[in-house]
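One structure below.
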Amino acid sequence: MFDFDRVIERRGTHSTKWDMIAKLSGIQAPDALPMWVADMDFAAPAGVTEALMEEVKRATHGYYADTGSWAQALVDWMKRRHRLTLDPAWVSQTPGIVSGLGLILQAITEPGDEVVLFPPAYHAFRKIIQANGRQILDARMIETDGRYRMDLAALEARLTPRSKVVFYCNPHNPGGTVWTAEETRALAAFCARHDLILVSDEIHCDLMLGGAVHVPALTAAPEFADRIITCLAATKTFNLAGAHVGACVTPNAALKQRLDQRIAASGLSSYSSFGMIATEAAWRTGEAWLDALLPYLTGNRDLLDARIAEMIPGARPMRLDSTYLAWVDFSGTGLAPEDVAERVKSRARIFASPGEQFGPGGTGWLRLNFAMPRPLLNEALGRLGDAFDDLRSQTRSDGALSRVRA
Ligand SMILES: Cc1ncc(COP(=O)(O)O)c(C=O)c1O
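Numbering (the working numbering), first residue to last: 4 to 409.
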């Protein structure tokens, strides 16, 4: 019913992922493969296409009237998928989550204030904080038992009176960490103790792999709901990033009013009809599509993990419980990070996201987007294997040598 194996030609379609490869990575090869920016190479749910087709066929594309049906569709979705009760009155639309984060910073902080990040963390967090003249306070995560953990004690020692906001990626990008209710509640309590606003970016919350369960911040820490802003979107879930619409949700009316004032001050209180129509249709009609997509992505994850272990001695993908963004540590290969990057770029002709982009703790890692039809993924993995084949032959000869010595 859903053909995720179908390869759709996206070159020459204004696709950032495909059409910006040469410009942004320097890879000139015509057969270059993109495994960087977080969108998928799958067709969106049919209900989205139908809703857009209706609009296109009618051919009257005037201003969008916000009747409240969009926020209601989001609220219904969060109830059905995550058992979270939201009120449509808590929802502010923004032209995407990253712009929402910028608007939040403008609404509730001053230039020079500090925003806590848990790196390695989504690179656009860093950029939007800096672009708004705010400071990053990095609370580097610790890796134990193959997953990330926050070190709140270390963070506590570094807070200053200028620390105002925490950007929490729930689930985490990169690394795919699905935070437990206890972890999120501990963070929310920490924020309450230190008077910090907790911005919980849950854009990846629908992309749970192998049965993992997302716990919204508002579910984990209802007693601290007043200091939580949750960022939600249909765009990551249903491959609609170009629709550019997201939601910032908070039950704190005063906080919401400040955000709405900032949205109005930027002239953003009116929305793109195409974005609104596409994302509302996705929430209303896309559930069966998503239910079919998740096992497919889980299969891609397992394939990538197995092939990397088999083909690149010393490389280690972190076990992803969510997202389609593999996070692979190459430090065990014994190769310098520049050598790894060069092999992936020049030999494999693959554009991957360099780990340094994600801040402290990212060096030596690459992020690889595997949300692609399996024929493409097999091609990419084959090329990655070839790019490191000397490591395999070296391991084989070392193994043979140690057997002879034994
Ligand atoms: C954690 C996180 N937040 C936000 C975004 C982007 O959201 P938007 O396109 O709505 O700005 C991404 C995209 O990869 C992401 O990973």
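Glycine residues also receive a C-beta, built at the ideal position from the N, C-alpha and C atoms. None of these values were measured; they are calculated from a predicted model.
Distance, residue j Cα to residue i Cα
i	j	result
His247	Thr183	29 Å
Ile206	Leu323	16 Å
Ala195	Phe227	7 Å
Gln109	Asp42	27 Å
Ala409	Arg399	Here the model assigns Ala409 a pLDDT of 46, short of 50, so the residue's position is not dependable, and the following value carries that caveat. The straight-line gap from Cα to Cα measures roughly 15 Å.
Gly245	Ala355	20 Å
Pro376	Leu190	37 Å
Tyr151	Thr240	23 Å
Trp21	Asp44	10 Å
Ile30	Ala157	40 Å
Ala390	Ala339	14 Å
Asp8	Pro225	41 Å
Leu77	Arg352	39 Å
Ile318	Pro114	First, the residue type needs correcting, since residue 318 is Ala and not Ile in the sequence shown. Distance between the alpha carbons of Ala318 and Pro114 is about 41 Å.
Phe5	Leu243	17 Å
Ala35	Arg13	12 Å
Leu27	Leu369	16 Å
Leu199	Ser166	7 Å
Ser276	Gln264	22 Å
Cys172	Tyr125	8 Å
Glu382	Gly214	27 Å
Asp154	Thr147	11 Å
Met211	His217	7 Å
Gly358	Glu313	22 Å
Arg261	Leu106	10 Å
Gly15	Glu117	41 Å
Residue i vs residue j beta-carbon contact at 7 Å
i	j	result
Val51	Ala285	yes
Ala329	Leu371	yes
Trp73	Met279	yes
Gly139	Val101	Note that residue 139 is Ile in the sequence shown, not Gly. No, the pair does not count as a contact, with Cβ atoms beyond the cut-off.
Tyr327	Leu300	yes
Asn255	Asp229	yes
Val94	Ala250	yes
Thr3	Pro48	No answer is possible for residue 3: the residues shown for the chain start at 4 and end at 409.
Pro466	His85	The displayed coordinates of the chain run from 4 to 409. Any statement about residue 466 would go beyond what the structure contains.
Pro177	Gly362	no
Pro91	Gln75	yes
Thr233	Val168	no
Ser273	Val181	no
Phe170	Ala142	no
Ser334	Gly364	no
Leu55	Ala281	yes
Pro378	Val10	yes
Phe193	Asn303	no
Ala223	Arg188	yes
Leu384	Arg310	yes
Ile24	Pro33	no
Ligand 1 heavy atom lying under 6 Å from the CB of residue i
i	result
Asp204	yes
Cys251	no
Leu176	For the record, residue 176 in the displayed sequence is Asn; it is not Leu. Yes, the beta carbon of Asn176 sits closer than 6 Å to at least one heavy atom of ligand 1.
Gly99	yes
Cys208	no
Cys194	no
Tyr66	no
Tyr125	yes
Ala41	yes
Ala244	yes
Ala355	no
Ala236	yes
Extent of the continuous alpha helix (DSSP H) to which residue i belongs
i	result
Lys167	Lys167 -> not in any alpha helix (DSSP H); beta strand (DSSP E) instead, spanning Ser166 to Cys172.
Arg161	Leu155 to Arg161
Arg377	Arg377 to Ala390
Val218	Unbroken run through Val218: none, as it is neither H nor E.
Val343	Pro340 to Glu345
Arg84	Ser72 to His85
First and last residue of the uninterrupted beta strand (DSSP E) at residue i
i	result
Tyr151	Arg150 to Arg152
Asp8	Here Asp8 belongs to no beta strand (DSSP E), and DSSP marks it neither H nor E.
Val252	Gly249 to Val252
Ser276	That residue, Ser276, is in no beta strand (DSSP E); its alpha helix (DSSP H) goes Ser276 to Thr288.
Leu199	Taken as a continuous stretch (DSSP letters only), Leu199 belongs to no beta strand (DSSP E), as it is neither H nor E.
Trp368	Trp368 to Asn372
Val331	Leu328 to Asp332
Ser356	Ile353 to Pro357
Leu235	Ile231 to Leu235
Return the chain-ordered ranges of every alpha helix (DSSP H) run that is complete within the stretch 22-70 and spans a minimum of 4 residues. Taken in chain order, the complete alpha helix (DSSP H) segments of 4 residues or longer contained in the stretch 22-70 are 24-28 and 49-61.
Sequence ranges, beta strand (DSSP E) only - wholly within the stretch 97-147, length at least 3: Whole beta strand (DSSP E) segments, 3+ residues: 117-120, 138-141 and 145-147.
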